[in-house]
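Q: Questions regarding the structure given below will be posed in turn.
2 protein chains.
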Amino acid sequence: MAAITSHLAILSNQHPSHLQLKPTTVRMSMTQQTRNPRLHWASLQADIEAHLKSSITIKQPLEVFEPMHHLVFSAPETTVPALCLAACELVGGQRHQAISAASALLLMEAATYTHEHLPLTDRPKAKPEPAVKNHVFGPNVELLTGDGMVPFGFELLARSDGGENSEQILRVMVEISRVVGSTGVIDAQYRKTMDTRSDGEEVCHVEEIMRMVEKYEGELHSCAAVCGGVLGGGSEDEIERLRKIGFCFGMIQGMAKRGFNEGNEVNEARNLALQELKFFKDKELDAIKILLNI
Amino acid sequence: MAAITSHLAILSNQHPSHLQLKPTTVRMSMTQQTRNPRLHWASLQADIEAHLKSSITIKQPLEVFEPMHHLVFSAPETTVPALCLAACELVGGQRHQAISAASALLLMEAATYTHEHLPLTDRPKAKPEPAVKNHVFGPNVELLTGDGMVPFGFELLARSDGGENSEQILRVMVEISRVVGSTGVIDAQYRKTMDTRSDGEEVCHVEEIMRMVEKYEGELHSCAAVCGGVLGGGSEDEIERLRKIGFCFGMIQGMAKRGFNEGNEVNEARNLALQELKFFKDKELDAIKILLNI
Chain A
1 MAAITSHLAI
11 LSNQHPSHLQ
21 LKPTTVRMSM
31 TQQTRNPRLH
41 WASLQADIEA
51 HLKSSITIKQ
61 PLEVFEPMHH
71 LVFSAPETTV
81 PALCLAACEL
91 VGGQRHQAIS
101 AASALLLMEA
111 ATYTHEHLPL
121 TDRPKAKPEP
131 AVKNHVFGPN
141 VELLTGDGMV
151 PFGFELLARS
161 DGGENSEQIL
171 RVMVEISRVV
181 GSTGVIDAQY
191 RKTMDTRSDG
201 EEVCHVEEIM
211 RMVEKYEGEL
221 HSCAAVCGGV
231 LGGGSEDEIE
241 RLRKIGFCFG
251 MIQGMAKRGF
261 NEGNEVNEAR
271 NLALQELKFF
281 KDKELDAIKI
291 LLNI
Chain B
1001 MAAITSHLAI
1011 LSNQHPSHLQ
1021 LKPTTVRMSM
1031 TQQTRNPRLH
1041 WASLQADIEA
1051 HLKSSITIKQ
1061 PLEVFEPMHH
1071 LVFSAPETTV
1081 PALCLAACEL
1091 VGGQRHQAIS
1101 AASALLLMEA
1111 ATYTHEHLPL
1121 TDRPKAKPEP
1131 AVKNHVFGPN
1141 VELLTGDGMV
1151 PFGFELLARS
1161 DGGENSEQIL
1171 RVMVEISRVV
1181 GSTGVIDAQY
1191 RKTMDTRSDG
1201 EEVCHVEEIM
1211 RMVEKYEGEL
1221 HSCAAVCGGV
1231 LGGGSEDEIE
1241 RLRKIGFCFG
1251 MIQGMAKRGF
1261 NEGNEVNEAR
1271 NLALQELKFF
1281 KDKELDAIKI
1291 LLNI
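Order-wise, the sequence lines are chains A and B. So for the first sequence, my numbering puts the first residue at 1; every next one is plus one. So for the second sequence, my numbering puts the first residue at 1001; every next one is plus one.
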């Protein structure tokens, strides 16, 4: 881990043009995989969606639950929640043990996405791009809905305790709180805000981008893997290895999202993850390997 | 409880002018109390502030923690967090057992206050009034800071577990999640948004105001009292009585804030709370009684 971290620091001395800028997504690479792992991954995603759909029913008050339903399910899909379930299975757990944590993570990401797209008076108007959804609701309603998603995520988690694993759930809550809070995702969002010019164009310093990727995709995936490991009953050693694997995978994802698909940093992160994965050699690796595009 | 609830519904048939409109605060009435209860109440508030000050130190990244420190401590003081500690003591607990829950409640309220005052593009400009603080930071930073406070509150709570009371902490988290989330405070905020005209003037239907008071001050105080009771080791019966006492007190507070200081509803809420308080007759009642202006 020290190697990739120091490598990320060194990146600041390199010119961005040294890095290839071909955005691709992991989804594309999944078609190259054998059939079962892909289906396995899809079933993880489907289980989380089904769990959330049964939790966020459209009920009274409609003005509250209708926007929440819409905004949760229209947020861009990420690999964070499914990684949580995959990690749970990797340590020998059943996916239902981690389904609430995975759903909570999805809610946190949807809340972040919603608030990132609020039209605030000091925020430059978003450039029209296909990835930015239309605003079906007014900014005020979207603000409040995002505000409602976060405690709802914690509620789902807290309620999932059957009286036997309270301590694991609290541990998972500390992990999630830290990663979505001021020292994690919100720190990354601050940096993005500070680096955005008044015309809405992001100023791209490679070092700064890497710090954002660390705080955003890196730590979110790391947290997801840890939560899955904890709830699946993994040992401390397994959990710490999952923390590294998740972080590396998040870095690969985050770099790819910003156009860094190849290069030393991506290879280093992939190799580091593979090395840690060897520890789990006798266990279910397919789903995790899909993430690493192996 | 049924009586006051049905009474609140009946209120809609009354004309607002039947109700006296003299705003006062409980703080004013506290000067009429004997010395010790007042000091006791002040010491509860001071303990919560000290706990939060030691938790939110101004550290790196400064751009994150400096606004959080400012926005938490500049939010208007409420009686919710101290009620949590008072309830804990009422059931025989030590206040340190509930200090994290009280701090989390303060953070949730500060986050709500911060987001309520964000200048959104669809939100009418706030009328200048002394209660509305100056915006020291930009809207984007205030949005993110509010977003950071909520998970930080849950983190404080989750970390407060010494391994002995995990189940109580999870129970408290469910209570807090529900009351600050979409079926509680956020529902009240929606109603307020919907009832605000384009010039920023609130449309005041008494029935609607009462529903907001129920969801906002009523349920927040109810939740605070329950959390204190749970963490102080209260019995189920004590906890349910605290739920009613807290709700009644919140209703009195919320009605007073909106100019309804006297009248049947206020008296009924006070009497209901006093009736429930009789159950605790051998215990420490001073702090709670201050709240009820007895």
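Each residue gets a CB set at the ideal place from its N, CA and C atoms; glycine is no exception.
Specify the secondary structure class of L242 of chain A as computed by DSSP and reduced to three states.
A: Residue state, collapsed to three classes: helix.
Q: Terminal residues of the continuous alpha helix (DSSP H) containing Q275 of chain A?
A: N264 to L277 is the span of the alpha helix (DSSP H), which, as asked, contains Q275 of chain A.
Q: Mapping DSSP to helix, strand and coil, what is I288 of chain A?
A: Helix, per DSSP.
Q: If G229 of chain A and E238 of chain A are in contact, beta carbons under 8 Å, what's the gap, nearest whole angstrom?
A: Contact holds; Cβ gap of about 6 Å.
Q: With burial defined as no fewer than 16 other Cβ atoms inside 10 Å of the residue's Cβ, what is the status of V266 of chain A: buried or exposed?
A: By the 10 Å Cβ count, V266 of chain A comes out buried.
Q: Would you say D187 of chain A faces chain B, with C-beta separation under 8 Å as the test?
A: Yes, its Cβ sits closer than 8 Å to a Cβ of chain B.
Q: Less than 8 Å separating the beta-carbons of A87 of chain A and A225 of chain A?
A: A contact, by the Cβ cut-off of 8 Å.
Q: Quick check on F260 of chain A: does DSSP put it in helix, strand or coil?
A: F260 of chain A falls in the strand class under three-state DSSP.
Q: Determine the chain A residues that contact F1073 of chain B at a beta-carbon separation under 7 Å, and present them in chain order.
A: Neighbours of F1073 of chain B on chain A: none; closest Cβ ~15 Å, over 7 Å.
Q: Could one say the Cβ of H69 of chain A lies closer than 8 Å to chain B's Cβ atoms, at least one of them?
A: Not one chain B Cβ lies under 8 Å of H69 of chain A.
Q: For H1096 of chain B, count neighbouring C-beta atoms within 10 Å of its own C-beta (all shown protein chains included) and say buried if the count is 16 or more, exposed if not.
A: Exposed is the call here.
Q: Run through DSSP, which three-state label would L1144 of chain B get?
A: In this structure, L1144 of chain B counts as helix in the three-state DSSP scheme.
Q: Along chain A, in chain order, which residues have C-beta atoms closer than 7 Å to that of R1159 of chain B?
A: Under the 7 Å cutoff, chain A gives V174.
Q: So which residues of chain B does T193 of chain A contact, with C-beta pairs closer than 8 Å?
A: In chain order: N1140, V1141 and L1144.
Q: I need the DSSP call for L83 of chain A, collapsed to helix, strand or coil.
A: In this structure, L83 of chain A counts as helix in the three-state DSSP scheme.
Q: Taking contact to mean 3 or more Cβ pairs, one atom from each stretch, closer than 8 Å, check whether the segment 138-147 of chain A and the segment 102-118 of chain A are in contact.
A: In short, these stretches touch, since the Cβ pair count reaches three.
Q: Answer yes or no: does any C-beta atom of chain B fall closer than 8 Å to that of L106 of chain A?
A: L106 of chain A does not count as touching chain B.
Q: What residue ranges within the segment 135-184 of chain A form continuous alpha helix (DSSP H) runs of no fewer than 4 residues, ordered along the chain?
A: The segment 135-184 of chain A contains these whole alpha helix (DSSP H) runs: 139-159 and 166-180.
Q: Quick one: Cα of K192 of chain A to Cα of M212 of chain A, how far?
A: Distance between the alpha carbons of K192 of chain A and M212 of chain A is about 8 Å.
Q: On the DSSP bridge assignment, give the partners of L106 of chain A in chain order.
A: Looking at the DSSP assignment, L106 of chain A forms no beta bridge with any residue, so it has no partner.
Q: Buried or exposed: where does P979 of chain B fall if 16 or more other Cβ atoms within 10 Å of its Cβ makes it buried?
A: This structure cannot speak to residue 979 of chain B, because chain B is shown only from 1001 to 1294.
Q: Step through the CB atoms of chain A and report whether any lies within less than 8 Å of the CB of P1128 of chain B.
A: Legend: pLDDT at P1128 of chain B = 47, less than 50; position of this residue unreliable, value from coordinates given subsequently. Cβ-Cβ to chain A under 8 Å: no for P1128 of chain B.
Q: Using a threshold of 8 Å, state whether the C-beta atoms of G1093 of chain B and L1231 of chain B are closer than that.
A: Contact flag set, yes.
Q: Could you have a look at L1231 of chain B and say whether DSSP puts it in helix, strand or coil?
A: Three-state result, L1231 of chain B: helix.
Q: Run the CB neighbour count on Q253 of chain A, radius 10 Å, all protein chains shown included, and call it buried at 16 or more, exposed below.
A: Buried, because 16 or more other Cβ atoms sit within 10 Å of the Cβ of Q253 of chain A.
Q: From what residue to what residue does the alpha helix (DSSP H) around L44 of chain A run?
A: Residues R35 to S55.
Q: Buried or exposed, going by whether 16 or more other CB atoms sit within 10 Å of the CB of F279 of chain A?
A: Counting Cβ neighbours within 10 Å, F279 of chain A comes out exposed, since fewer than 16 surround it.
Q: Can you pull the chain B residues whose beta carbon is under 7 Å from the beta carbon of G163 of chain A, in chain order?
A: Neighbours of G163 of chain A on chain B, chain order: E1167.
Q: Among the residues of its own chain, which have a CB less than 7 Å from the CB of L187 of chain A, if the five just before and after it don't count?
A: Checking the sequence, you will find Asp at residue 187 of chain A rather than Leu. Result list for D187 of chain A: K215, in chain order.
Q: Are the C-beta of V136 of chain A and some C-beta of chain B separated by less than 8 Å?
A: Chain B, which has no Cβ nearer than 8 Å to the Cβ of V136 of chain A, makes this no.
Q: Based on the DSSP output, what are the partners of L1120 of chain B in its beta bridges?
A: A:L120, per the DSSP bridge assignment.
Q: Considering only the alpha carbon of each residue, which of A:L52, A:R258 and A:S55 lies closest to H205 of chain A?
A: With distances taken between Cα atoms, H205 of chain A lies closest to A:R258.
Q: Name, going along the chain, the residues of the segment 1226-1242 of chain B whose beta-carbon falls closer than 8 Å to a beta-carbon of chain A.
A: Answer set for the segment 1226-1242 of chain B: empty.
Q: Counting contacts by CB-CB distance shorter than 8 Å, is S54 of chain A in contact with chain B?
A: No, because no Cβ of chain B sits closer than 8 Å to the Cβ of S54 of chain A.
Q: Under 9 Å, CB to CB, which of the residues in the segment 86-114 of chain A have a partner in chain B?
A: Cβ contacts with chain B come from M108, A111 and T112.
Q: Here's the rule: buried if 16 or more other CB atoms are within 10 angstroms of the residue's CB, otherwise exposed. What is T57 of chain A?
A: Under this definition T57 of chain A is an exposed residue.
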